[in-house]
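To start, the structure under review is shown below, and the notes come after it.
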Amino acid sequence: MSNSSQIAPKVGFVSLGCPKALVDSEQILTQLRAEGYETAKSYDGADLVIVNTCGFIDAAVQESLDAIGEALHENGKVIVTGCLGAKKDAAGDDIIMKVHPKVLAVTGPHALAEVMDAVHIHLPKPHAPFLDLVPAQGVKLTPKHYAYLKISEGCNHRCSFCIIPSMRGDLVSRPVADVMLEAENLFKAGVKELLVISQDTSAYGVDVKFRTGFWNGKPIKTHMTQLVTALSELAAQYGAWVRLHYVYPYPHVDQIIPLMAEGAVLPYLDVPLQHAHPDVLKRMKRPASGEKNIERILAWRAMCPNITIRSTFIAGFPGETEEEFQYLLDFIKEAEIDRLGCFSYSPVEGATANLLANPVPEEIREERRGRLMQLQESISKKRLQAKVGKTIRVLIDEVTSNGGVGRSAADAPEIDGVVYVKPPYEPHKKLNVGEFFDVTVTAADAHDLWAEA
Ligand code: SF4
1 MSNSSQIAPK
11 VGFVSLGCPK
21 ALVDSEQILT
31 QLRAEGYETA
41 KSYDGADLVI
51 VNTCGFIDAA
61 VQESLDAIGE
71 ALHENGKVIV
81 TGCLGAKKDA
91 AGDDIIMKVH
101 PKVLAVTGPH
111 ALAEVMDAVH
121 IHLPKPHAPF
131 LDLVPAQGVK
141 LTPKHYAYLK
151 ISEGCNHRCS
161 FCIIPSMRGD
171 LVSRPVADVM
181 LEAENLFKAG
191 VKELLVISQD
201 TSAYGVDVKF
211 RTGFWNGKPI
221 KTHMTQLVTA
231 LSELAAQYGA
241 WVRLHYVYPY
251 PHVDQIIPLM
261 AEGAVLPYLD
271 VPLQHAHPDV
281 LKRMKRPASG
291 EKNIERILAW
301 RAMCPNITIR
311 STFIAGFPGE
321 TEEEFQYLLD
331 FIKEAEIDRL
341 GCFSYSPVEG
351 ATANLLANPV
361 PEEIREERRG
371 RLMQLQESIS
381 KKRLQAKVGK
391 TIRVLIDEVT
401 SNGGVGRSAA
411 DAPEIDGVVY
421 VKPPYEPHKK
431 LNVGEFFDVT
441 VTAADAHDLW
451 AEA
């Protein structure tokens, strides 16, 4: 059969889990496309299905197991990858193989080569693929105007509630030149907002002792501050935004704040604090738990008054007393955390925190979560109300018959609020997806803003 008349094998893809898993999915899809495979839109149009799973909390495990079951039922040929693939049950057996023994292969997360090996065995690759059909920026699962940039994999910490290190291993930083090249390809392809992600962005380069790499003929260290500076310069050339996620409050983070104040990087810091009381942080074995976080946040706000602070917290961690929880509420009130996610403690299988004394009963965990979210709602309402009358820049994500839905510097996609934009009065001006508009805020609630273009 000649190459041109050959029908490309088709692979179906189900991607579950967090942005880090999404990046793994994008890399697998890019490689599949590079090798000449096509992606199928339905189970029955696929020759094989890959399911990228999440294994973080019990609900995610069930969702992943259900998705594998559905793919097996609808298609039959299934390869599983992702966090759940690395998870064992109490007896040390592979969870997926126990529930779904018919899957063809199982790998853990970040296992591009192993996934491709399994694909090659069960669905041989077509001959002589047209490599140049792959766009240089790879295949993205996010809309064209924003993209996640994963700078490292794994984590050197051992937080007692978390099993990610046992699934993903220790920190492995990507070479700084590779990260910069990927960023450049994304900007060239039209990406207007780059979201920097990892398990611990502040620790970038620790594993390679901040090795010096080269970018554009100049030396650059594998270090968070140098990477962020270089990314901000690159983004400026393309008129794009850079947003930082998962930043632990190590002292060198202070050096990033002036870049935010001058607008080189979005004034948005996603700092997952999880708690405020020193004893709880110690039991959690949190990184940077000795830092004086309230002083740091107040200093950041003084340096960059329009900074948005996002954080996540756990209510009802084992041993948490009412006083410790009240301490957390006082901290949140004083720090005025802009964007906040709160989980009640979930005893993830395999987490050492489950062995701690005095677990908090479920109804108290839930009740504390409710109180925390109520407090947050009032803080968020007040802070968003202060934006009414101000002019802010938004990136349009969606155009509707009533105008558009965009996001400002204060809103990361999927997790924060949005800005509903009324269409411009001038008929020749149009809202377009992936374009920036300066808008005037007219109203606010506890989550979102309304504005006129
Ligand atoms: S910093 Fe802690 S919570 Fe985050 S991935 Fe590492 S061990 Fe898990």
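In terms of the numbering used here, the sequence shown has 270 at position 270, counting the first letter as 1, and numbering is strictly consecutive.
Glycine included, each C-beta is placed from N, C-alpha and C at the ideal position.
- For C18, the closest C-alpha among the options L29, G55, A409 and E38 is that of G55.
- Assignment of alpha helix (DSSP H) within the region 351–413, counting only whole runs of 4 or more residues, yields 362–385 in chain order.
- Closest in alpha carbon position to V242, among P251, K150 and Q374, is K150.
- Cβ neighbours of K333 within its own chain (closer than 8 Å, five residues either side excluded): L375 and I379.
- Annotation: the continuous beta strand (DSSP E) that includes D270 extends over Y268 to D270.
- The straight-line gap separating the alpha-carbon atoms of D94 and A444 is approximately 49 Å.
- When L231, G319 and R393 are compared, the shortest CA-CA separation from E362 is found for G319.
- For R286, no beta strand (DSSP E) segment is defined, and its DSSP state is neither H nor E.
- Sorting M284, E323, V172 and L112 by C-alpha distance to the C-alpha of A357 places M284 at the top.
- Looking only at K88, L123 and D117, the smallest Cα-Cα distance to A46 is reached by L123.
- Any heavy atom of the ligand SF4 within less than 6 Å of a residue's beta carbon puts that residue on the list, which reads C155, H157, R158, C159, C162, I164, P165, Q199, D200 and P287.
- By the Cβ neighbour-count rule, F317 is buried, with 16 or more other Cβ atoms within 10 Å of its own.
- Q226 is a Cβ neighbour of V176, given a cutoff of 9 Å.
- The straight-line gap separating the alpha-carbon atoms of L141 and V14 is approximately 11 Å.
- When the beta-carbon positions are compared, A71 and G138 stay at least 9 Å from each other.
- Its Cα nearest to that of T53, the residue A67 stands out among S42, D44 and A67.
- When DSSP states are grouped into helix, strand and coil, V265 belongs to the coil group.
- Taking the Cα of Y345 as reference, the smallest distance to any Cα among V206, D58, Y37 and V49 is reached at D58.
- Taking T391 as reference, the option from T400, V399, G404 and S408 with the minimal CA-CA separation is S408.
- For C162, the closest C-alpha among the options A351, E26 and G434 is that of A351.
- The beta carbon of Q27 lies closer than 6 Å to those of L112 in the same chain, with the five residues before and after it left out.
- For K292, the closest of H275, K192 and C304 by C-alpha to C-alpha distance is H275.
- Per DSSP, the continuous beta strand (DSSP E) segment holding V421 begins and ends at V419 to K422.
- Taken atom to atom, the span from the alpha-carbon of M167 to that of T440 is near 46 Å.
- A183 and Y148 have their alpha carbons spaced roughly 9 Å apart.
- Of the other Cβ atoms in all chains shown, 16 or more fall within 10 Å of the Cβ of R174; this residue is therefore buried.
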